[in-house]
Structure formats: structure tokens, C-alpha cells
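Undergrad: My structure is below; once you've seen it, I'll send some questions.
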Amino acid sequence: MGVSDDTPGSLLVAGLTQAGETLACAESLTAGLVAATVADTPGASAVLLGGVVAYAAEVKTLLLDVPADLIARVGTVDASVAVAMAEGVRRRLGATWGLATTGVAGPGPSEGKPAGTVHVAVSGPSGTATRALELKGTRAQIRSATVEAVLRLAVDETGATHRTPAPPWEPRGTVGLSGHPGDDPGGDPATDHPTPAT
2 MGVSDDTPGS LLVAGLTQAG ETLACAESLT AGLVAATVAD TPGASAVLLG
52 GVVAYAAEVK TLLLDVPADL IARVGTVDAS VAVAMAEGVR RRLGATWGLA
102 TTGVAGPGPS EGKPAGTVHV AVSGPSGTAT RALELKGTRA QIRSATVEAV
152 LRLAVDETGA THRTPAPPWE PRGTVGLSGH PGDDPGGDPA TDHPTPAT
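Residue numbers for the sequence shown follow our numbering, so the first one is 2 and each next one is one higher.
Encoded structure:
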């Protein structure tokens, strides 16, 4: 099954290839779907370094350097945890860009938060942007919408929308931060919260 050259994943691979940049993924509720979606684009190996599926709080702490006291204070479904995950995977894997997802896929609530409460983050050379989502639908629909949201945020942050999508037969990739924190193409029910790099 081919992937359209204007999907967020293919735009990201094309943009990062062109810029000579790389990405890494830290995923909780999406459990590898973000990395798998990026990898659907031929040539993704030029940009995708790897990913960490960190479902459990202790894995977020051990592998992504999310502070245990932060999780104890706010839980795992929080914008600050998404930021720490994105920054942690970027640092640990040595990528230009780090993408992160954390939230409640459902069907019921978790940590006192309703299904569909999701935070995504993209960390890069100039800082980290987050987006809070309130999604509706089945567990599968919430996970799929989360993948779409984090990839769209990554496309915005890296400036990949301004690059030419790579043809499926010629992979190239690169990532860069363009800084569109207020931009919300597609009218997603989300808000952006840029956070300075630490």
C-alpha cells in the first residue's frame, strides 16, 4: 500500500532528508505507531533513527529521563511529561528532532482524565512545542488521531511544509525548526505551548 506524497509522514521524511536532519520517537499511548507511520514512507531510513515505546511510568523515567518527581506530581498524562519525553528521546538517540505522545486512549479514564486526553510534543534545536488534544472516538481512532497530530506538529515545527515532498522512489530527509506555535492547520481542537529548550 503506497503512501500519498502529501501525508504528514511523507512531508516530514522529505523535509528532513532535504535538511540532512534526523528524528526519534518517544511513544506512550501510540505504542510505536508514530515511528511505523514515518517508516511507511520510502526513504524513512535516512531520517528515522529509532524510537522508545514507554508505556509504563518507570520506563519513561529510566529510558527517557522523565523526572520521577514530575510524574509523581502530575501523572503521566501532562504536557510537561510530553516535553520531557520528546527532549529525552532526542538527547538519548542523538536526533535533531524528538517526537512524543502521551495520553489516555480509552475506552475508560486513566489517572482521573477522560479518554481522548492527549499531549504531543516536538523537540528541536530551538526548543520544544506541545499540543494538548481532546479527542473523541474509539481507542483506535484516538491513537490514529494522535499520530496525525504529532506528525502535523512536527511538519509545522520543522518547516517541512515548505519543502518539496520526496518522490516515493527517491528517499531523502531532513528536519528543522520553523517556529509556528500559533499555527493550527486543519482546525484541530488543540493548543500550542512553546517551551524554551533546557
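Where a beta carbon is used, it is the ideal one built from N, C-alpha and C, also for glycine.
Just so you know, these numbers come straight off a predicted model, no measurement behind them.
Would you call the segment 86-94 in contact with the segment 115-129, where contact means no fewer than 3 C-beta pairs closer than 8 Å?
TA: yes
Undergrad: What residue from PRO43, SER29, LEU136, LEU24 has the CA that sits closest to ASP6's CA?
TA: Your numbering for residue 6 matches position 5 in the sequence shown. Cα-wise, what sits closest to ASP6 is PRO43.
Undergrad: Within its chain, find whatever has a CB closer than 7 Å to the CB of PRO110; leave out the 5 residues flanking it on each side and keep chain order.
TA: If you number the sequence shown from 1, residue 110 lands on position 109. Correct list, in chain order: ALA116.
Undergrad: What is the DSSP secondary structure of LYS137, reduced to helix, strand or coil?
TA: Residue numbering aside, residue 137 sits at position 136 when the sequence shown is read from its first letter. If DSSP states are grouped into helix, strand and coil, LYS137 belongs with coil.
Undergrad: Which residues bound the beta strand (DSSP E) around GLU59?
TA: Position 58 of the sequence shown holds residue 59. Premise fails: GLU59 lies in the alpha helix (DSSP H), 58-65, not in any beta strand (DSSP E).
Undergrad: If we ignore side chains and look at the alpha-carbon of each, how far apart do GLY52 and GLU28 end up?
TA: As a working note, residue 52 is residue 51 in the sequence shown. As a working note, residue 28 is residue 27 in the sequence shown. One C-alpha to the other measures close to 8 Å.
Undergrad: Which same chain residues end up closer than 8 Å to ILE72 when comparing Cβ atoms and leaving out the 5 residues on each side of it in sequence?
TA: The residue given as residue 72 occupies position 71 in the sequence shown. So the qualifying residues of the chain are ALA58, LYS61, THR62, VAL82.
Undergrad: Mapping DSSP to helix, strand and coil, what is ALA32?
TA: Taking the sequence shown and counting its residues from 1, the one referred to as residue 32 is at position 31. Residue state, collapsed to three classes: coil.
Undergrad: Note down the Cα distance separating VAL78 from HIS120, rounded to an integer number of angstroms.
TA: Along the sequence shown, one-based indexing puts residue 78 at 77. Along the sequence shown, one-based indexing puts residue 120 at 119. Rounded to whole angstroms, VAL78 to HIS120 spans 7 Å at the Cα level.
Undergrad: Counting C-beta neighbours from all protein chains within 10 Å, is the total for SER46 16 or more, i.e. buried, or is it exposed?
TA: Residue 46 sits at position 45 when you count from the first residue of the sequence shown. So SER46 ends up on the exposed side.
Undergrad: Assign GLU149 to one of two classes, buried (16 or more other C-beta atoms within 10 Å of its C-beta) or exposed (fewer than that).
TA: On the sequence shown, position 148 is the one that residue 149 refers to. Looking at its Cβ environment, which holds 16 or more other Cβ atoms inside 10 Å, GLU149 is buried.
Undergrad: Could you check where the beta strand (DSSP E) with VAL121 kicks off and where it finishes?
TA: Here residue 121 refers to the residue found at position 120 when the sequence shown is read from its first residue. Counting along the chain, the beta strand (DSSP E) containing VAL121 begins and ends at 118-125.
Undergrad: Would you mind reading off the limits of the alpha helix (DSSP H) that contains VAL14?
TA: Translated into positions along the sequence shown, residue 14 becomes position 13. Where VAL14 is concerned, the enclosing alpha helix (DSSP H) stretches over 9-20.
Undergrad: Counting along the chain, where does the alpha helix (DSSP H) carrying GLY89 start and finish?
TA: As a working mapping, residue 89 is identified with position 88 in the sequence shown. It spans 80-94 - the alpha helix (DSSP H) in which GLY89 sits, taken as one unbroken run.
Undergrad: Residues bridged to SER111 by DSSP?
TA: The sequence position of residue 111 within the sequence shown is 110, counting from 1. According to DSSP, which records beta bridges pairwise, SER111 is partnered with LYS114.
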